[in-house]
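Enquirer:
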Amino acid sequence: MSKKIKHQHAKQISDYLAQSWPLKTTENDIFWVLDHWQIIEKKTHIVDDTDLRVITQQLNAIPTGKQRAYRHALEGILFYLEEACYWQLPERVKNTINDTNHQYFEELAKGAAHAHKIFVCYQQQKTYFFDIRGPLAPCFMALIIGFEVAPISLEHISAILNNPNSIIDKEDNPRLAITHTGYGADELRVTHYYLTIESYRFLEDYYAQSPSRTSTKSLYADLSSWLDKNGIPACNTKQIWPKRFQIHWYLHFQLPPIFIKDLANPERHVGLSKPISLPKIKEAEIYAIDWNTKWFDSLTKLQKKVCWPHEALLKHPKDISSVETPPWDASNILPRLLFDYTKQLLVYGGVKKATLALGSVKNYTSLKSKLEPYPLCYADAISEEAINGWGQTVYDSISSDIVKGTFYNFLRFLSYQEQTDTLDLSSFSSPLVAPSVSPGRLTVDEFDRLLDVLLSSKTNNSFRSLFGAIAALLGFYAMLRRGEVLRLRRKDIRFKPSTGLITITVTNTPEGNTKSGTTRKVYTTLPKQYHMLLKYLFEIRKNIPREQPLLGFEGEKYHSRQLYYLLPVSRALRFLFGTHLNFHHLRHSGVHIFMLQILHCVNYTPDNLRGETPLEQEVLSSTSVATRFDYWFEGRKVDEVNDAAFLDEMGEQIGHIYYGTTRWSYLHDIDWLLPIISRDHSPYTRREYTHSELRYLLGLKPDSNDLSRILLKLNPEYVNKSLGQKRNQPIMLRDCELREAVFGKAIKSKHVPLTVDHSLTWQTSIQNSEHTLLGFIFKAMLDSKAIDFYALSFIWGNGCKHHIKPISKKQRTALKNLPPVVLSDDEQSLQISLACNSKNAHAFTTVFRHNDWGWLSFRFTLSVNRKLKNERQKQLLKAQFAQKNEAIQITKHARGETMLTINLTPKTTLSPSVIKFAQEFIQLFQ
2 MSKKIKHQHA KQISDYLAQS WPLKTTENDI FWVLDHWQII EKKTHIVDDT DLRVITQQLN
62 AIPTGKQRAY RHALEGILFY LEEACYWQLP ERVKNTINDT NHQYFEELAK GAAHAHKIFV
122 CYQQQKTYFF DIRGPLAPCF MALIIGFEVA PISLEHISAI LNNPNSIIDK EDNPRLAITH
182 TGYGADELRV THYYLTIESY RFLEDYYAQS PSRTSTKSLY ADLSSWLDKN GIPACNTKQI
242 WPKRFQIHWY LHFQLPPIFI KDLANPERHV GLSKPISLPK IKEAEIYAID WNTKWFDSLT
302 KLQKKVCWPH EALLKHPKDI SSVETPPWDA SNILPRLLFD YTKQLLVYGG VKKATLALGS
362 VKNYTSLKSK LEPYPLCYAD AISEEAINGW GQTVYDSISS DIVKGTFYNF LRFLSYQEQT
422 DTLDLSSFSS PLVAPSVSPG RLTVDEFDRL LDVLLSSKTN NSFRSLFGAI AALLGFYAML
482 RRGEVLRLRR KDIRFKPSTG LITITVTNTP EGNTKSGTTR KVYTTLPKQY HMLLKYLFEI
542 RKNIPREQPL LGFEGEKYHS RQLYYLLPVS RALRFLFGTH LNFHHLRHSG VHIFMLQILH
602 CVNYTPDNLR GETPLEQEVL SSTSVATRFD YWFEGRKVDE VNDAAFLDEM GEQIGHIYYG
662 TTRWSYLHDI DWLLPIISRD HSPYTRREYT HSELRYLLGL KPDSNDLSRI LLKLNPEYVN
722 KSLGQKRNQP IMLRDCELRE AVFGKAIKSK HVPLTVDHSL TWQTSIQNSE HTLLGFIFKA
782 MLDSKAIDFY ALSFIWGNGC KHHIKPISKK QRTALKNLPP VVLSDDEQSL QISLACNSKN
842 AHAFTTVFRH NDWGWLSFRF TLSVNRKLKN ERQKQLLKAQ FAQKNEAIQI TKHARGETML
902 TINLTPKTTL SPSVIKFAQE FIQLFQ
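Going by my numbering, the sequence shown opens with residue 2, and the numbers climb by one from there.
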């Protein structure tokens, strides 16, 4: 790594430590350690004892007191790696960092009296402002943000003041978007903060003044002058200000230190930084099969010249539509992916520029020589392990940092394609910046919409919709990774319908290991409206060996289950909510809900205030949380267990050792936090407002008499007050009531009744699949309450598999032209007796040579009149009825016409009811 990049990293670390570390070091000392320690060349974000021994030996060789300075720098780097970059460190180092964090808060506490003086003076100035309404100065706005929005740095505050587009979702739910600072992130990162009505109004009015830009330096100078003017001791450095804000938040709002740190550092969370774009996918394409099943047979390495069609796009950038999109090549999908990447750059531009110069596009796509030695077949592309291994191999083969950056941007594109969306970008980003993360999650009601689409979208295979829906439920409510869902066996899951409790053992199986290689337990609850789906699944698989995977047919391969059950979930997610989502975001969503459950639990939120819809209130209810934690509570009440252990328990179920990993990778944004953990920020807490304050918040003039008219609508108690009380007493209002008045319209009630019966929707899909052989037999088994999943799996595996279609018009006509298909005397096979002629041969072939009937073997018995010549019938039987290796028997009889009897017998022993159901299916069309 070049000296220049090391210097950039040293400055980044130094700036971070100045804000978050109570000890002292210098940028030069940090650079020396980075220059003498190869830690930044490591591919894994892990510091072990060997790494520490290497740098310690070098430090021990320094004969002067500079050794102490470098040791301090090393401590600071380790602190940065753990806190900002989420590295794993030895336990003894982690303990030191924990001690350092305690020391940081001890240092904060020393400024409590100073912070209180600043806050009192600020409150006085705010009260004065409500009466006088002068212009809003940057200095005053900095105090508003630091005391009312979040205890952030002056760098962040000045950036907010300089960006009039910082407030988003103004009409629905105003939030403050704060852009991350620092070097090295692969794309723009943003965190969204909760805005009170007061801070929202102040910021809107400040931006309306069209203020000139303010630097961090000038803002610090203005704040210093303000302190001096009001006789308050100075803050000696700009880094003191966020520390004063933090201790105020700690004491005033009584928030835990860990959440103070989260609020103070926007870089500890990530939100969506750009508008959501919906794909062109249609609902009808969710279950589309646009791959060839032969692509997963053993592929032979073809030594053929690879054609790169993206080059045609670069030759005709003005006429892209004239260049035909190439088909997928099973042996190497990279040419098609590079084509799609090039086309997107030409049509939509880059992240920062909407239109890119042709030269830039050529530079961004000049990867042919790097990709050619490493083809990527379709089967490897959809395998999580294989695609990440391929990406790492190509990345390691590139020596130039510039070309590595070009390839990394291509990988970012791949991570959003449905064939390669299991690509983990964190392995390819700089080790000295926080890993790449894909922010995105669903609410419980959005997930309900997803499930409805999965179960109601047209598919001729009701098993696909059920298995896909269950996979989604496990990803969302059990927080399972896609590989964990696919490898989950029947023996690994227990369900208690009376409480909705699901207990899952995530462990290594013959199909693969867990990410950490260890076993963990997951406890979760399922809302009542989904219980029947799980009951149906368990009923279907009741007699199947418990070692079998939970989802899929018996013997179905891993890649098949991934394509046919999980891919539709990702497609439905993109169809409904945007191209940024894939199956793994269900796990993100489930972790977020788990966190909400914990926070509501430890903050004793009343059940009726936990969520805005009936489904959300059920999921977050105290009953649901108590059921989920019953294994731990063991009959105790919430206040009898250690609050601090909740996050540890959550980490164990998720499979994370450190809360920091969970927070960074799964708990996106932070706008949801304060309304739960702070009574002052709860939309349902009644608080006092002065008349002048309310006039300002409602957009009225300081002497306006319209306030009384508005308050009569907002506060029923106001009507009964005397004139003196109305003038002199403060007004009690809830934030939700005030928001309704400020935004000029009633906030729409989200308490809508739940109307979708998902089990009924799925049953409808079974009815709709009655004109398919597998669908008919399955429904007949359900009706007779005798499900034979082994038989269904055998028919599926030896038939059309997932390429299930209703019987065609041509097949129906052919069946009507055939004699009735009956059961054999022993009821072990289907039987049909017919004349041995070309017309019947054509009708028989049209119906029974279809893949649907591949689970049956055919035996032909030609009974001929011994007095007649039969050579023509024999030849016709062999040429038009029978196929190679099929049994043919010729018998003779004394009287009557020649007759051909065909027996259709299962290739394995199946129960007579299965043969009977198959005959009933045929009778539908005869």
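Note that CB positions come from ideal geometry on N, CA and C, so glycine has one too.
Kindly give me the distance between the Cβ atoms of Gly591 and Met480, rounded to whole angstroms, as I take these residues to be in contact under 8 Å.
Expert: Within the sequence shown, numbered from 1, the residue matching residue 591 stands at position 590. Within the sequence shown, numbered from 1, the residue matching residue 480 stands at position 479. 4 Å between Cβ atoms; contact.
Enquirer: Which residues in the same chain have their Cβ closer than 8 Å to the Cβ of Arg728, if we skip the five residues on either side of it in sequence?
Expert: Locating residue 728 in the sequence shown gives position 727, counting from the first residue. Annotation for Arg728: His692 place their beta carbon closer than 8 Å to its own, counting only its chain and skipping 5 residues before and after.
Enquirer: Between the beta-carbon of Ser709 and the beta-carbon of Arg696, is there less than 7 Å?
Expert: Position 708 of the sequence shown, counted from the first residue, corresponds to residue 709. Position 695 of the sequence shown, counted from the first residue, corresponds to residue 696. Result no, Cβ atoms of Ser709 and Arg696 do not sit closer than 7 Å.
Enquirer: Does the Cβ-Cβ distance between Ala178 and His157 come in under 7 Å?
Expert: Residue numbering aside, residue 178 sits at position 177 when the sequence shown is read from its first letter. Residue numbering aside, residue 157 sits at position 156 when the sequence shown is read from its first letter. Pairing Ala178 with His157 gives a Cβ-Cβ distance that is not under 7 Å.
Enquirer: Roughly how many whole angstroms lie between the Cα atoms of Leu264 and His270?
Expert: To locate residue 264, count along the sequence shown from 1; it is residue 263. To locate residue 270, count along the sequence shown from 1; it is residue 269. Between Leu264 and His270, the C-alpha separation is close to 9 Å.
Enquirer: Pull up the CB-CB distance for Lys244 and Tyr221, whole angstroms please, since I reckon it's below 8 Å.
Expert: Start at 1 with the first residue of the sequence shown, and residue 244 comes out as number 243. Start at 1 with the first residue of the sequence shown, and residue 221 comes out as number 220. About 14 Å separates the two Cβ atoms, so there is no contact after all.
Enquirer: Where do the ends of the alpha helix (DSSP H) carrying Ser192 lie?
Expert: On the sequence shown, position 191 is the one that residue 192 refers to. Residue identity check: residue 192 is Thr in the sequence provided, not Ser. Taken as a continuous stretch (DSSP letters only), Thr192 belongs to no alpha helix (DSSP H), being part of the beta strand (DSSP E) at 191 to 195.
Enquirer: Cβ atoms of Ala313 and Tyr379: under 7 Å apart, would you say?
Expert: The residue given as residue 379 occupies position 378 in the sequence shown. The residue given as residue 313 occupies position 312 in the sequence shown. No; because the gap between Cβ atoms is not below 7 Å, this pair is not in contact.
Enquirer: On the DSSP bridge assignment, give the partners of Gly513 in chain order.
Expert: Working through the sequence shown from its first residue, we reach residue 513 at position 512. According to DSSP, which records beta bridges pairwise, Gly513 is partnered with Thr510.
Enquirer: In its own chain, which residues sit with a C-beta less than 7 Å from the C-beta of Thr215, not counting the 5 before and 5 after it?
Expert: Your numbering for residue 215 matches position 214 in the sequence shown. Hits under 7 Å: Pro139, Ser159, Leu162, Asn163.
Enquirer: Compare the Cα-Cα distances from Leu835 to each of Asp608, Val822, Lys885 and report the closest residue.
Expert: Numbered from 1 along the sequence shown, position 834 holds the residue referred to as residue 835. The shortest Cα separation from Leu835 among Asp608, Val822, Lys885 belongs to Val822.
Enquirer: Measuring only the C-alpha atoms, how far is Leu228 from Ala116?
Expert: In the sequence shown, the residue the question calls residue 228 occupies position 227. In the sequence shown, the residue the question calls residue 116 occupies position 115. In a straight line, the C-alpha of Leu228 is about 11 Å away from that of Ala116.
Enquirer: How is the alpha helix (DSSP H) around Pro676 delimited, first residue to last?
Expert: Numbered from its first residue, the sequence shown carries residue 676 at position 675. Unbroken alpha helix (DSSP H) run through Pro676: 675 to 678.
Enquirer: The alpha helix (DSSP H) spanning Glu540 covers which residue range?
Expert: What you label residue 540 is simply residue 539 of the sequence shown in a count that begins at 1. Looking at the DSSP string, the run of the alpha helix (DSSP H) that includes Glu540 is 532 to 541.
Enquirer: Taking 7 Å as the threshold (C-beta atoms), are Tyr195 and Leu739 in contact?
Expert: Within the sequence shown, numbered from 1, the residue matching residue 739 stands at position 738. Within the sequence shown, numbered from 1, the residue matching residue 195 stands at position 194. No, the Cβ-Cβ distance between Leu739 and Tyr195 is not below 7 Å.
Enquirer: For Gly656 versus Arg860, is the C-beta distance shorter than 7 Å?
Expert: Position 655 of the sequence shown, counted from the start, is the residue given in the question as residue 656. Position 859 of the sequence shown, counted from the start, is the residue given in the question as residue 860. No.
Enquirer: Answer with buried or exposed for Cys737, where buried requires no fewer than 16 other C-beta atoms within 10 angstroms of its C-beta.
Expert: Locating residue 737 in the sequence shown gives position 736, where the first residue counts as 1. The residue in question, Cys737, is exposed, as its Cβ has fewer than 16 Cβ neighbours within 10 Å.
Enquirer: Between which two residues does the beta strand (DSSP E) holding Pro907 run?
Expert: Within the sequence shown, the letter at position 906 stands for residue 907. Taken as a continuous stretch (DSSP letters only), the beta strand (DSSP E) holding Pro907 covers 900 to 907.
Enquirer: Excluding five sequence neighbours on each side, which residues of the same chain lie with their C-beta closer than 7 Å to the C-beta of Val1?
Expert: Within the shown structure, residues of the chain are numbered from 2 to 927, placing residue 1 beyond reach of any answer.
Enquirer: Round the Cβ separation of Ala573 and Leu455 to the nearest angstrom and send it over; I've been treating them as touching at under 8 Å.
Expert: Reading the sequence shown from its first residue, position 572 is the one you call residue 573. Reading the sequence shown from its first residue, position 454 is the one you call residue 455. Yes, they are in contact, since the Cβ atoms of Ala573 and Leu455 sit about 5 Å apart, within 8 Å.
Enquirer: Would you check if the distance between the CB atom of Ala844 and the CB atom of Ala815 is smaller than 7 Å?
Expert: Position 843 of the sequence shown, counted from the start, is the residue given in the question as residue 844. Position 814 of the sequence shown, counted from the start, is the residue given in the question as residue 815. Yes, these two residues count as a Cβ contact at 7 Å.
Enquirer: Which same chain residues end up closer than 8 Å to Lys25 when comparing Cβ atoms and leaving out the 5 residues on each side of it in sequence?
Expert: Here residue 25 is taken as the residue at index 24 of the sequence shown, counted from 1. If we look at Lys25 and ignore the five residues flanking it on each side, its Cβ neighbours are His73.
Enquirer: What first and last residue would you give for the alpha helix (DSSP H) that runs through Lys111?
Expert: Within the sequence shown, residue 111 is the residue found at index 110, counting from 1. Segment: none, Lys111 is in no alpha helix (DSSP H) and carries neither H nor E.
Enquirer: Can you tell me the Cα-Cα spacing of Val307 and Gly441, whole angstroms?
Expert: Against the sequence shown, residue 307 aligns to sequence position 306. Against the sequence shown, residue 441 aligns to sequence position 440. Using only the alpha carbons, I get a separation of about 37 Å.
Enquirer: Hey, could you find the ends of the alpha helix (DSSP H) Ala473 is sitting in?
Expert: By 1-based counting over the sequence shown, the position of residue 473 is 472. From DSSP, the alpha helix (DSSP H) with Ala473 extends over 463 to 478.
Enquirer: Output the distance between the C-alpha atoms of Ala387 and Ile282, rounded to the nearest integer angstrom.
Expert: Translated into positions along the sequence shown, residue 387 becomes position 386. Translated into positions along the sequence shown, residue 282 becomes position 281. Rounded to whole angstroms, Ala387 to Ile282 spans 26 Å at the Cα level.
Enquirer: Measure the alpha-carbon distance for Lys492 versus Phe539 and round it to whole angstroms.
Expert: Here the question's residue 492 lines up with position 491 in the sequence shown. Here the question's residue 539 lines up with position 538 in the sequence shown. Answer to the nearest angstrom: the Cα atoms are 11 Å apart.
Enquirer: Please return the same chain residues whose Cβ sits closer than 7 Å to the Cβ of Tyr632, not counting the five positions on each side in sequence.
Expert: For the purposes of this step, residue 632 is taken as residue 631 along the sequence shown, with counting starting at 1. Once the five neighbours on either side are set aside, the close Cβ partners of Tyr632 are Tyr524.
Enquirer: To the nearest angstrom, report how far apart Gln13 and Pro432 are at their CA atoms.
Expert: Translated into the one-based positions of the sequence shown, residue 13 becomes position 12. Translated into the one-based positions of the sequence shown, residue 432 becomes position 431. The straight-line gap from Cα to Cα measures roughly 13 Å.
Enquirer: Count the other CB atoms within 10 Å of the CB of Arg488; is the residue buried (16 or more) or exposed (fewer)?
Expert: Within the sequence shown, the letter at position 487 stands for residue 488. Buried is the call here.
Enquirer: Which value, in whole angstroms, describes the spacing of the CA atoms of Ile259 and Asp52?
Expert: In the sequence shown, the residue the question calls residue 259 occupies position 258. In the sequence shown, the residue the question calls residue 52 occupies position 51. So the two alpha carbons sit approximately 29 Å from each other.
Enquirer: Does the Cβ-Cβ distance between Met900 and Ser858 come in under 7 Å?
Expert: Taking the first residue of the sequence shown as 1, we reach residue 900 at position 899. Taking the first residue of the sequence shown as 1, we reach residue 858 at position 857. Not a contact, by the Cβ cut-off of 7 Å.
Enquirer: By the three-class DSSP mapping on this structure, what secondary structure does Ile290 have?
Expert: On the sequence shown, position 289 is the one that residue 290 refers to. Three-state DSSP puts Ile290 in coil, outside helix and strand.
Enquirer: Count the other C-beta atoms from every protein chain shown that fall within 10 angstroms of the C-beta of Tyr531, then say buried if there are 16 or more, exposed otherwise.
Expert: Working through the sequence shown from its first residue, we reach residue 531 at position 530. Buried, since its Cβ has 16 or more Cβ neighbours within 10 Å.
Enquirer: Please report the residue range of the beta strand (DSSP E) in which Val523 lies.
Expert: Within the sequence shown, the letter at position 522 stands for residue 523. First-last of the beta strand (DSSP E) with Val523: 521 to 526.
Enquirer: Which stretch, first to last residue, makes up the alpha helix (DSSP H) that contains Ala919?
Expert: Sequence index remark: in the sequence shown, residue 919 carries index 918 (1-based). Here the alpha helix (DSSP H) through Ala919 covers 913 to 924.
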